[in-house]
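Peer 1: Below are the structure tokens for one structure; questions will follow.
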Amino acid sequence: MKIGVKVLPRKEVLDTQGRTVQSSLSENGFSVSNCTIGKYIVLDVNAKNFEEAKTQVTKMAEFVLYNPLIENYEVEQL
Amino acid sequence: MAIKIESDETLLQKFKKYRINQKEYDMMCGLLKREPQGVELALFSALWSEHCSYKSSKVHLRKFFNKNHRVLVSEGENSGVIDLGEGEKISFKMESHNHPSFIEPYQGAATGVGGILRDIFTMGARPVMTANYLCFGDKEAPRMKSLVEGVVGGISGYGNCVGVPAVTGFTEFHPSYNKNILVNAFALGVLYPGEELALSKAHGVGNLVVYVGAKTGRDGIHGASMASESFDDKSAQNRPTVQIGDPFFEKLLIESCLEVIREDLVVAIQDMGAAGLTSSSFEMSSKGQVGLKMELDKVPLRDSTLTPEDILLSESQERMLLVCEPKKLKRIQEIFHRWGLDATTIGEVLPGKNIQLFWQNEKICEIDPDLLVENAPKYERPYNLREAGSKGRKNRGSSNFEVFDVKETLEEILSSEYGTSRNWIFSQYDQRVGSQTAMDCSSSIGVTRLEHSKRGLGLSLGCRPYLMRLDSQIGAADSVLYPALNLAIKGFEPLALTDCLNFASPENPEIMTEFVTSVETISEVCKELNAPVISGNVSFYNETLGSPITSTPATGMVGMRASVENIPSDYFGEKQTVYLVCNHQLETGGKIEEMFKNKIHAQDKDINIKDTASWILDLLDIANDSNVKMSKTLGKFGLAYALSRASTEFGVVCDKLPNFIKTKEDLFRERMYEVLFAVENGPKLEDALRSKNLQFAKLGVTAKDKLIIESYLNTQLANLNEKYKNSWENLF
Amino acid sequence: MKWSSYDAVWTRKTKGYLFMSRVGVVRFLGTNCDRDIIQAAREFGAKAEFLWFQDQFNIDDYDAVVLPGGFSYGDYLRTGALSARTPVMKSVREFSQKGKPVLGICNGFQILCESGLLPGVLMRNQNMKFIDQWEELEIVDNKNPWTQRYSVGQKIKLPIAHGEGRFFAENDTVKKIKDNQQILATYTNNPNGSAYDIAGITNDKKNVVGLMPHPERALYDWMGSSLGKGFFSWL
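Residue numbers (our numbering), protein chains in the order written: chain X, 1 to 78; chain B, 1001 to 1732; chain C, 2001 to 2235.
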């Protein structure tokens, strides 16, 4: 089963990359008020259903995939 | 006066939140002649913290030898400044970022580099070199390998992007740093002819207070209280927000700030470091003895939910505060906008000397900054006079280590984390950006060329923690003598010193004794070398659950040489004669385990500072006048290790060792101090050494691809070099 | 018609006219080797000045343009991506289309690739780390303005300093680069995993050159090598 893990900077943590990309877009005439840049991780796991897969993937996320000091994550079914 | 933020917290809860004790609270009440109100407690808490007020160290830091004919600034500003003549001035400083780096190694180390760079360019100096002094715990300790990786990654990520070369570094390991690593960052900047210093003293009633750089976020608010929280807590969301460094923003800030300083548009400038807006504005006001009005709701915010108190305490990175005449604001804003940054007026200079804080047109606080800055507590923490002789030697052991096979022992050292190459670390640093680097991190000193006069500036970091573990007088003396020696034998005259004093709790008299001994000893050595202490930083409370780090007074010594051409190399070359020059003060040493984990074998003697300092200055003359091709200071692991490190393409055939080396073990002992010189014209060097009455011994001549030490060692270089170069990856 | 302006410079120089070539050094936000290039160009008698990323320039005012190294826009999103979309690059494109010499070093190389002036892309180093060290290069092509002072097969020592220097292109693009003799220089000991050990390439007209190592950091013996001189001494 393919599971996606979306890792984004925590809202209150400065996203240096997002800030720069947003300002470059604005300078080129695009209207963007905020930009956040993170990672997207796709995992293929052995599981009967999404619930089971989510439990496994959550463990992996807590183990290594995200840094709780600066990031949040969401698990999605693909 | 309206009190906006009154909560139901009891006094005790407040003490805990603001890390204040009853005695200090009473002091505040005495100064204010009432109880602190509103944001005042937060202001006191920030400015009276050890970090901002130096309350435990101030009385001792005054003892530093800090003035000579070169010194322009050595106290009261962000960084010290010395005049090099020929229109060139330099500013340099070293600062710790230990605790943040233990929590989030990448960002902690990165923001450490960012902070020290701001201290330098705030003075109007363009940063041209950086260096890092790092102490890690035992490599098998929990998280240690990832701490090493994170810290090095953070320094690399930040420093490379900002474009300031890292030219030297120091990395050591010891279990006392297992739960409290040391990350000390050094930076040096230059002012060329016609470029003026910028200072932080606010003045001129009616002048504007302008905020530039990044917007304010929740970063690092109450960062200090982070230490007392357990990291097992589930409440990740409640933790203070990690400060994120943006080297790209810092680069823009460097260029734009230097531009406004060069155009003489600012009256005063100060970076927002620890305790953010509070410390920068209060210090500017207090130094200038003028009042400031600040409208906190005009501070650009990244997070609209921030309260006035949050805004005052936020430690968001890459922000500066400046004071300018109103007519110059437009030009200042043009320059910052050109560099993609904003400059926002948030207040003005007032008559009188009070700071007035406003929130949505309402005055929330009016206070005399001197109460917080000048009247901060100063503690005479109890300490003992250092006991001379063996009682001062905490970890002196007389255990005679045994070497069975010289080659085996040498290889063991070269493949251990204590003796192997740090190339894994420094190859991640840009060591040459700026195109002025004459000696990089692979050398015993870092050298950059001054663009204007083409002279060379050398840098060497000091403090070898194993000597501090032996005795604080010896360790502290060495933390100045050793880097001075490293510079002198390359022909660099020691000019001045910065220090970063990392200690455990000052409330522990034993620690305080080591602190006071260190300050006094460093000062004494600096005076002998006429190299004043021009800047520094104190980091106390480096301990976890009552177990202190090794007291570590790290130093950065800067020296100068007339040119960067023909600097003596660290490595032997063809057809050279090799000499060992010595001035024996103290013999230490032992096998790896003994030196770095347990007791240290050492003689029960003190170092004669005066004698050693004048010997170092003699060697400076020799290095400059005797066509020295190669020079190297002997250090930990003694002669055998030094010879192997100097032998890359060419080794040496030592047919006769001096009479003080009688055993295999003697080859690995450190006799403070000894240096290697290699020259093409031996007799000329011998004459020079004799004319100065210096003790020396001829070791032998260089030879391609081999290292021979009497009957003790006969080896090809390839194998030793392989061990030295490639062991890091196996260890980490 | 190949590299016409370079011919002009060369002719005027050899004929002994008093002539200083005019070098434009592009500054993006975050460029950090800009001052180094100005110094290097001036050292060899050229007139060098900055070009600002927000401004277009008159292409007749310059004889050569250099995009220096650094971390423009902090390397955010993709290296060179945001810089490639700035106004100054419109002029650089026009300049290069006239056959005039353009050199991109390190981040400048990345920007030239992002703007399509050079083929391929520079990816994260194989070891995923920034690498600063001296490398031996072999000059593969000297029929372009920038390496004309070197001989083919010459070995030179230059420092690299990059985190994303692994040259990559689709198979047929790499083949085309090879067949067209667009490889400028190769590494002796490939430090980053570049395809065909590529350290630098040229465009098909051979007036635009991208190079990962830093020749401006190897001008004098005290720097560790003086073999980078040739990139600037022809100016």
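Yeah, the Cβ is synthetic: ideal placement off N, Cα and C, and Gly gets one too. Since the structure is predicted, the reported quantities are computational estimates derived from the model, not experimental observations.
Tell me the rounded alpha-carbon separation between C/M2020 and C/A2064.
Peer 2: Between C/M2020 and C/A2064, the C-alpha separation is close to 11 Å.
Peer 1: Contact criterion: CB-CB distance below 8 Å. Does C/R2085 meet it with respect to chain X?
Peer 2: Chain X, which has a Cβ nearer than 8 Å to the Cβ of C/R2085, makes this yes.
Peer 1: Does B/S1056 come out as helix, strand or coil in the three-state DSSP assignment?
Peer 2: Of the three classes helix, strand and coil, the one that applies to B/S1056 here is coil, per DSSP.
Peer 1: Roughly how many whole angstroms lie between the Cα atoms of B/A1236 and B/Y1018?
Peer 2: Because B/A1236 carries a pLDDT of 45, less than 50, the predicted location of this residue cannot be relied on, and the following value inherits that uncertainty. Roughly 20 Å separates the two Cα atoms.
Peer 1: What is the rounded straight-line gap between the Cα of B/S1443 and the Cα of B/G1434?
Peer 2: In a straight line, the C-alpha of B/S1443 is about 18 Å away from that of B/G1434.
Peer 1: Find the residues of chain X that neighbour B/R1218, judging by a C-beta separation of less than 7 Å, and give them in chain order.
Peer 2: Residues of chain X passing the Cβ test: E12.
Peer 1: Could you list which residues in chain C have their beta carbon closer than 9 Å to that of B/C1161, in chain order?
Peer 2: Here the neighbours are G2030, N2032, G2070, F2071, G2074, D2075.
Peer 1: Among all the DSSP beta bridges, which residues are the ones paired with B/N1714?
Peer 2: Paired residues: B/I1708.
Peer 1: Apply the 10 Å Cβ neighbour rule to B/G1038 and answer buried if 16 or more other Cβ atoms are within range, or exposed otherwise.
Peer 2: The residue in question, B/G1038, is buried, as its Cβ has 16 or more Cβ neighbours within 10 Å.
Peer 1: Name the two residues that bound the continuous beta strand (DSSP E) containing B/L1495.
Peer 2: 1493-1502 is the span of the beta strand (DSSP E), which, as asked, contains B/L1495.
Peer 1: Does any residue of chain B bring its CB to less than 8 Å from the CB of C/S2004?
Peer 2: Because the pLDDT at C/S2004 is just 41, under 50, the model does not fix this residue reliably, and the value given afterwards should be weighed accordingly. So, not an interface residue.
Peer 1: Quick one: residues in its chain with C-beta nearer than 6 Å to the C-beta of B/Q1360, no 5 flanking neighbours on either side, listed in chain order?
Peer 2: Taken in chain order, the residues that qualify are D1297.
Peer 1: Indicate whether B/G1456 and B/R1449 have their beta-carbon atoms separated by less than 8 Å.
Peer 2: Taking 8 Å as the Cβ cut-off, B/G1456 and B/R1449 qualify as a contacting pair.
Peer 1: Whole angstroms are fine: how far does the CA of B/L1545 sit from the CA of B/F1102?
Peer 2: Near 15 Å, if we compare the C-alpha coordinates of B/L1545 and B/F1102.
Peer 1: Excluding five sequence neighbours on each side, which residues of the same chain lie with their C-beta closer than 6 Å to the C-beta of B/S1156?
Peer 2: Excluding residues within five positions, the ones whose Cβ falls inside 6 Å are Q1428, Y1429.
Peer 1: Does any residue of chain X have a CB that is nearer than 8 Å to the CB of C/L2051?
Peer 2: C/L2051 does not count as touching chain X.
Peer 1: Could you check if B/F1515 is buried or exposed, using at least 16 other CB atoms within 10 Å of its CB as the buried criterion?
Peer 2: B/F1515 should be labelled buried.
Peer 1: With DSSP run on the structure shown, which of helix, strand or coil describes B/G1291?
Peer 2: Three-state DSSP puts B/G1291 in a strand.
Peer 1: Taking 7 Å as the limit between beta carbons, can you name the residues of its chain near C/K2143, skipping five residues before and five after?
Peer 2: Same-chain partners within the cutoff: K2206.
Peer 1: Can you tell me whether C/G2116 is buried or exposed? The criterion is at least 16 other CB atoms within 10 Å of its CB, across all chains shown.
Peer 2: Looking at its Cβ environment, which holds fewer than 16 other Cβ atoms inside 10 Å, C/G2116 is exposed.
Peer 1: If we count Cβ pairs, one from each stretch, closer than 8 Å, do we get three or more for the segment 1502-1518 of chain B versus the segment 1577-1584 of chain B?
Peer 2: With a cut-off of 8 Å, the segment 1577-1584 of chain B and the segment 1502-1518 of chain B do not count as touching, because too few Cβ pairs lie within range.
Peer 1: Could you tell me the distance, in whole angstroms, from the CA atom of B/E1543 to the CA atom of B/L1501?
Peer 2: B/E1543 and B/L1501: Cα-Cα distance of roughly 14 Å.
Peer 1: Using the C-alpha atoms, what's the distance from B/G1347 back to C/I2131?
Peer 2: C/I2131 and B/G1347: Cα-Cα distance of roughly 46 Å.
Peer 1: So B/A1496 packs on B/V1538, CB below 8 Å; how close in whole Å?
Peer 2: 18 Å between Cβ atoms; not a contact.
Peer 1: Is B/K1327 closer than 8 Å to B/G1076 when the C-beta atoms are compared?
Peer 2: No, they are not a contact pair.
Peer 1: Under 8 Å Cβ-Cβ, which residues of chain B neighbour C/P2131?
Peer 2: The sequence given here places Ile at residue 2131 of chain C; Pro does not occur at that position. Here the neighbours are S1427, Q1428.
Peer 1: Which chain B residues sit within Cβ distance under 7 Å of C/R2217?
Peer 2: The answer, in chain order, is R1432, S1435.
Peer 1: So the candidates are C/G2030, C/P2213, C/A2084; which of them puts its Cα closest to the Cα of C/Y2073?
Peer 2: Of C/G2030, C/P2213, C/A2084, the residue nearest in Cα terms is C/G2030.
Peer 1: For B/L1182 and B/Y1133, which I take to be in contact (beta-carbon distance under 8 Å), what is that distance rounded to the nearest angstrom?
Peer 2: Contact holds; Cβ gap of about 7 Å.
Peer 1: Hey, out of C/V2026, C/R2035, C/T2086, C/N2058, whose CA is closest to X/L25's CA?
Peer 2: Cα-wise, what sits closest to X/L25 is C/T2086.
Peer 1: Where does B/A1488 sit, in a helix, a strand or coil, going by DSSP?
Peer 2: Helix.
Peer 1: So, under 8 Å CB-CB, B/L1329 and B/L1467 are touching, yes? Tell me the CB distance rounded to an integer number of Å.
Peer 2: Between B/L1467 and B/L1329 the Cβ distance is about 53 Å, and since that is not below 8 Å, they are no contact.
Peer 1: Would you mind stating whether B/L1487 and B/A1554 have Cβ atoms separated by less than 8 Å?
Peer 2: Going by C-beta atoms, B/L1487 is not nearer than 8 Å to B/A1554.
Peer 1: Any idea if B/T1588 is buried or exposed, counting beta-carbon neighbours within 10 angstroms, 16 or more meaning buried?
Peer 2: Buried, since its Cβ has 16 or more Cβ neighbours within 10 Å.
Peer 1: Which partner residues does X/Q77 have in the DSSP bridge list?
Peer 2: Answer by DSSP bridge pairing, in chain order: X/I3.
Peer 1: If you run the structure through DSSP and keep just helix, strand and coil, what is B/K1234?
Peer 2: For B/K1234, the predicted model reports a pLDDT of 40, less than 50, meaning its position is unreliable and no value from the coordinates is stated.
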